[in-house]
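According to full-length UniProt numbering, the first sequence is numbered sequentially starting from 1.
All C-beta atoms, glycine included, are put in the ideal place defined by N, C-alpha and C.
As the structure is a prediction and not an experimental result, all values here were calculated from the model.
Beneath this line is the structure, given in structure tokens, with notes to follow.
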Amino acid sequence: MTDTAHLEDLNERQRSAVTFARPDTAAGLTSDPLLVIAGAGTGKTQTLSHRAAHLVLSGVDARRILLLTFSRRAAEEMTRRARGICDAALAARGRRGQAVSLPWAGTFHAIGARLLREYAPALGLSPNFSILDRADAADLIDVCRQQLGLALRTRRFPRKDTCLAIYSQVVNRRAKLAAVLETRFPWCVAHHDALKRLFAHYTERKQHLALLDYDDLLLHWALMMREPGLAAGLAARFDHVLVDEYQDTNLLQAEILRGLAPTGAGLCVVGDDAQAIYGFRAADVDNILGFADQYAGARVVRLERNYRSTQAILDAANTLMADAARRYDKQLASARGAGLRPRHIIAHDGADEARHVIEQVLARRETGVALKQQAVLFRNAHHANEVEIELVRRDIPYRKYGGLKFLDAAHVKDLLALVRWAANPANQIAAYRALQIVPGVGPASAQRAFERLEADDWSLVRLGRQPAPRQADAEAWCGLVDTVAALAEGAGGWPATLEPAAEWLKAQLPDRYEAPTTARAGDIDDLVRIAARYRDRDRFLTELTLDPPAATGDHNDDAHLDEDYLVLSTVHSAKGREFDSVYLLHVADGTFPSEYTARSPADLEEERRLLYVAFTRARNVLEVVSPLRYHVTEQRRLGDRHVYGAISRFMTPAVRACFSARDVGTPVDAPVSAAAPASLRAALDVGAAARRLWD
DNA sequence: CTTGCCTTCGTTTTT
DNA sequence: CGAAGGCAAG
């Protein structure tokens with residue numbers, strides 16, 4: 001007899017999703033397949049964490065619940081909430097609950113890494129495989145390209161990032177190379193055969209060197225599910241599989257789920273097709289749109305009562321989505337009343353945009369809304385530049401999510417390369433990078449040293465006994481090899497073993513980088529401090545790669561937890577979050593939608609959804625800014641660096657009717673440059689640009 | 001073979 | 001404007 005007090009703060013729909021179970025089984029031990037279509041702000045997280053808690057309270061073993069999320073933040077949040085619900089319920093029953101945890105909550109990639117580590121022997125994988133982040137994977141592709149002689153100048157070959165992107169699409173879409181090239185990379189079609197060879201070689205190298213890229217974590221997991229014996233064993237470990245953000249899963253992930261729950265029994269997926277914004281990463285909206293066809297007897301529950309935003313904001317969001325092509329029809333209804341109309345601000349240029357937004361943020365703060373409750377959102381990281389400059393100038397603290405990451409800094413990568421090489425001496429990418437830190441060691445010496453290492457059964461210790469390369473700084477060389485060997489040994493325990501490596505690297509900084517290097521040394525110390533938070537070296541590497549610190553400065557969040565700061569974030573990074581006030585920058589055609597994705601109708605739909613995600617982050621205040629004249633980042637040679645653009649095509653008259661409009665900034669006085677690109681000439685007339693606003 | 005300087009090229013979103 | 005690739009000097 002289950003006490004139901006914990007279900008009281010749910011609405012009827014939510015409760016039906018939380019308690020959904022097969023009627024003929026006791027205590028909800030299993031259920032038919034369940035799809036929860038949860039509109040923005042309708043309590044998706046609440047519902048999923050309640051379901052997990054409810055299952056545990058009904059007697060399901062928490063270790064037999066698999067909870068797959070999109071980001072680590074989401075996994076932690078849900079685990080935390082589920083624990084809170086369980087604790088409260090157990091306390092109410094007068095039972096002293098031991099804290100409930102969900103040991104199998106995590107991202108697809110993180111859970112995949114964990115399972116592959118465990119099943120490595122059965123899969124012919126080295127259990128100490130390293131995970132390549134994006135940049136490392138691209139570097140390995142580059143090495144392969146050299147090895148195959150594809151880097152010839154006779155014919156332009158796609159660059160490494162493009163090669164990796166193509167590869168990734170092929171893997172995640174489970175598609176033929178030719179098809180991917182034709183639809184998404186038409187300018188590379190001529191290189192079909194060479195790419196095929198390249199990918200074959202890349203795959204072979206990864207296998208040989210015990211390296212897995214992001215896609216491999218899913219691919220190998222999916223391959224494992226194709227092996228009936230292994231699949232059955234894995235499926236038997238879990239009674240319930242709960243999936244968050246199902247609209248952002250791809251075909252590989254769908255295949256994995258199919259293997260874990262072949263009939264759909266125990267499978268519960270939650271998502272919102274209107275918020276599918278990861279198509280560029282091969283996510284497939286058809287997963288969620290076709291769920292009921294995929295799993296016979298699936299139950300669909302729709303959540304439409306919105307607890308986040310005011311109705312005025314939801315009206316704008318609903319109107320925006322009314323034009324969408326394919327979708328689960330839903331109208332969000334606010335539980336919070338009418339509220340203020342959102343505002344559409346027409347700014348003269350980027351500077352006015354920045355100034356206006358900051359003034360509004362400060363004004364809002366005067367009414368008692370903390371900076372942390374306010375967010376400036378944008379499509380591309382660089383759109384925030386002018387706002388950032390202004391924030392620094394006015395000494396307003398902020399934190400930026402998306403864009404340049406802490407781990408992208410060259411010196412941080414250096415230290416990681418040392419640790420990665422130590423963890424897996426066959427990690428060619430880490431080895432190359434580490435070796436080339438030594439003055440006088442370039443690609444060729446690094447290559448030869450690596451070959452010697454391979455020929456000598458990957459023994460770092462014996463590599464140290466061999467003479468240094470001719471031109472190498474002998475002292476630094478010895479320092480490097482000793483340092484890495486000690487790291488491999490793990491002497492002194494984690495993270496103390498990291499200290500000598502950090503010190504050695506800091507000693508190299510003046511040679512390697514321009515002065516001043518104090519900031520770089522500080523970053524290295526920060527990384528050492530971060531390392532201390534992880535149990536051991538391997539967990540540090542794995543988790544850091546799968547979940548890099550989200551924001552610049554995020555790595556010292558413990559210290560600044562109570563500080564107030566304004567949030568700057570890409571729309572993508574803001575998914576799943578909410579703020580009292582949202583200011584959306586640069587709502588211009590070419591950005592919303594992006595000029596790069598405006599080609600196919602499907603891409604265009606995704607751009608609309610991106611705007612929808614941005615709108616629906618706001619609780620009380622939404623301001624959308626369109627600068628008329630802005631800095632153009634491409635075609636710099638073609639003359640003037642400012643162009644006049646058009647307001648986003650998604651801001652249709654019907655959508656604009658949901659907003660109140662206002663102009664800010666000085667009237668246009670700058671003469672129009674005759675050198676502006678011809679394609680933009682039609683928009684050069686400010687009067688015409690202004691008229692277009694009200695068409 | 002390494003390194004530093006010069007040219008050219010291409011630009012989104014991220015687990 | 002920044003990164004990456006090519007070329008020449010040490």
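If distances are taken between C-alpha atoms only, which option among the options comes closest to residue i?
i           : options                        : result
Leu371      : Ala381, Asp349, Ile396, Ser445 : Ile396
Gln146      : Ala53, Ala444, Leu251          : Ala444
Tyr401      : Val376, Leu181, Gly522, Ala283 : Val376
His383      : Leu362, Gly368, Arg393, Val357 : Val357
Asn318      : Ala661, Val664, Ser660, Ala654 : Ala654
Leu198      : Lys176, Asp215, Gly149, Asp216 : Gly149
Ser130      : Asp663, Gln373, Asp538, Val171 : Asp538
Tyr214      : Gly124, Thr107, His240         : Thr107
residue 697 : Arg173, Ala40, Asp133          : Any answer about residue 697 is impossible in this case: the structure gives the chain only from 1 up to 695.
Asp580      : Val587, Ala235, Gly464, Leu566 : Leu566
Glu388      : Leu585, Ala602, Ile141, Val419 : Leu585
Met321      : Tyr612, Gly464, Ile111         : Tyr612
Ala316      : Ala296, Leu303, Leu340         : Leu340
Arg72       : Pro548, Asp603, Gln207         : Pro548
Specify the secondary structure class of residue i as computed by DSSP and reduced to three states.
i      : result
Val56  : helix
Ala409 : coil
Ala261 : coil
Asp286 : helix
His586 : coil
Ala17  : helix
Asp9   : coil
Pro653 : helix
Ile346 : strand
Arg636 : Because the pLDDT at Arg636 is just 42, under 50, the model does not fix this residue reliably, and the value given afterwards should be weighed accordingly. The answer is helix: DSSP assigns Arg636 an H, G or I state.
Cys188 : helix
Ile166 : helix
Gln253 : helix
Ser459 : coil
Glu353 : helix
Tyr214 : helix
Arg397 : One detail in the question is off: residue 397 reads as Pro in this sequence, not Arg. Coil.
Leu391 : helix
Pro121 : helix
Ile437 : coil
Ile37  : strand
Look at the Cβ atom of residue i, then the Cβ atom of residue j, and state whether they are nearer than 8 Å.
i      : j      : result
Asp32  : Arg355 : no
Ile313 : Ala105 : no
Asp523 : His411 : yes
Pro228 : His191 : no
Glu359 : Glu386 : no
Asp473 : Gly442 : no
Arg173 : Leu115 : no
Val100 : His50  : no
Glu245 : Phe70  : yes
Leu123 : Leu212 : no
Gln275 : Leu218 : no
Val582 : Met651 : no
Label residue i either buried or exposed according to how many other C-beta atoms from any shown protein chain fall within 10 Å of its C-beta, with 16 as the threshold for buried.
i           : result
Thr310      : buried
Gln466      : exposed
Asp457      : exposed
Pro495      : buried
Thr4        : exposed
His560      : Residue placement at His560 is poorly supported in this model, since its pLDDT is 49, which falls under 50; the coordinates still yield a value, given next. So His560 ends up on the exposed side.
Lys44       : buried
residue 696 : Coverage of the chain is limited to positions 1 through 695, which leaves residue 696 absent and any answer about it impossible.
Thr183      : exposed
Asp239      : buried
Ile288      : buried
Leu209      : buried
Trp187      : exposed
Asp564      : exposed
Leu509      : buried
Ala488      : buried
Glu12       : exposed
Ser600      : exposed
Assuming residue i contacts residue j (C-beta within less than 8 Å), just tell me the rounded distance between them.
i      : j      : result
Leu610 : Val571 : 5 Å
Gln428 : Val143 : 7 Å
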